[in-house]
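The numbering used here applies: residue 1 is where the sequence shown begins, and numbers increase by one.
Glycine residues also receive a C-beta, built at the ideal position from the N, C-alpha and C atoms.
It should be emphasised that the depicted structure is a prediction, and the values quoted were computed from it without experimental measurement.
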Amino acid sequence: MRMQPDLFDPIDDIDAAATAGVDEAGRGPLAGAVYAAAVILDPARPIAGLADSKVLTASRREQLAQLVRERALAWCIACASVQEIDRLNILKATLLAMQRAVDGLAVAPQLALVDGNQPPRLRCAVQTVVKGDQTVPAISAASILATTARDADLMRLHALYPQYAFDRHKGYGTAEHLSLLRQHGPCPEHRRSFAPVKAMLQT
């Protein structure tokens, strides 16, 4: 078994072609899987306009996601299911999705730069970067892939459960979503470990 590298050690001899950016989408919503993506950008094929997915319009996110898929040296999108979220808790499920995304890369990275301050356990060196989706292009790319994949999945859930309007709120606990949740009760894709859903199951 390979040991987990020490976190936060300076790593000066790893170039961009061996570095993956990692980010997640969907920790906060009341429904749906949590997604993560890992991206190794190609320094020879830069992508203009990479940014935190939250500041981009949906159409711009889709455009950039297509460019990332076309130009990156490697990319992978993974998720952890609602059942895994409820069994493990959302933090552990998020780290699991990140681990799956990095493990799924066609090119094994030497270093993973992970958005936030909670590192997953990986088979390569790991450094966390607070607000990395705003400052590290590879993390921005991962943020865009994870968000667009999750948005597509919520549109799938909307087709299955149109009464919850997942197409509008993407599973987040908006007033509209909470009202529809009270009206219809939880569906199989609602996270039963999350307080608003748990409270409705107890009434």
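Give the secondary structure of T148 by DSSP, where H, G and I count as helix, E and B as strand, and everything else as coil. In the structure shown, the three-state DSSP call for T148 is helix.
Residues in its own chain within less than 7 Å of I85 by CB, not counting five upstream and five downstream? Taken in chain order, the residues that qualify are V34, A93, R191, S193.
Presumed contact (8 Å Cβ cut-off) between P119 and T128, rounded CB distance: P119 to T128, Cβ: 5 Å. Contact.
Given a threshold of 16 other Cβ atoms within 10 Å of its Cβ, counted over all protein chains shown, does E70 qualify as buried or as exposed? Exposed: under 16 other Cβ atoms inside 10 Å.
Per DSSP, which residues does I85 bridge with? Please list them. DSSP lists no bridge partner for I85.
Expressed to the nearest angstrom, what Euclidean distance is found between the alpha-carbon atoms of P109 and S140? Take the alpha-carbon of P109 and the one of S140: they are about 17 Å apart.
Y59: buried (16+ other C-beta within 10 angstroms of its C-beta) or exposed? Reading the sequence as shown, one finds Ser at residue 59 and not Tyr. Label assigned to S59: exposed.
Comparing alpha-carbon positions, which option in K54, N117, A48 lies nearest A25? Of K54, N117, A48, the residue nearest in Cα terms is K54.
Rounded straight-line distance, which links the Cα of A44 to that of M200: If I take the Cα positions, the gap works out to 52 Å.
Could you check whether A65 and L157 sit closer than 8 Å to each other, using their CB atoms as the reference points? Going by C-beta atoms, L157 is not nearer than 8 Å to A65.
Which same chain residues end up closer than 6 Å to I77 when comparing Cβ atoms and leaving out the 5 residues on each side of it in sequence? Excluding sequence neighbours, I77 sits near A37, L145, A149.
Could you check the C-alpha separation between A112 and V22 for me, to the nearest Å? One C-alpha to the other measures close to 7 Å.
For the beta strand (DSSP E) that G116 lies in, which residues bound it at each end? Per DSSP, G116 lies in no beta strand (DSSP E) segment and is marked neither H nor E.
Relative to the C-alpha of I47, which candidate in V68, T57, A80 has its C-alpha closest? The shortest C-alpha separation from I47 is found at V68.
What does DSSP give as the partner residues of Y35 in its beta bridges? Partner(s): A25, C79.
Give every residue of the same chain whose Cβ lies closer than 7 Å to the Cβ of I90, excluding the five residues on either side of it in the sequence, and list them in chain order. Only R27, V34 meet the Cβ criterion.
Is it the case that the Cβ atoms of H184 and Q163 are separated by a distance below 8 Å? In this structure, Q163 lies closer than 8 Å to H184 by Cβ.
Proximal residues to H169 (C-beta, below 7 Å), its chain only, five neighbours per side dropped: Excluding residues within five positions, the ones whose Cβ falls inside 7 Å are E176, H177.
Could you work out which residue in D52, A20, S81 is closest to D103 when comparing CA atoms only? Between D103 and the set D52, A20, S81, the nearest pair of CA atoms involves A20.
CB contact below 8 Å: G26 versus chain C: Protein chains in the displayed structure number just one, and chain C is not present.
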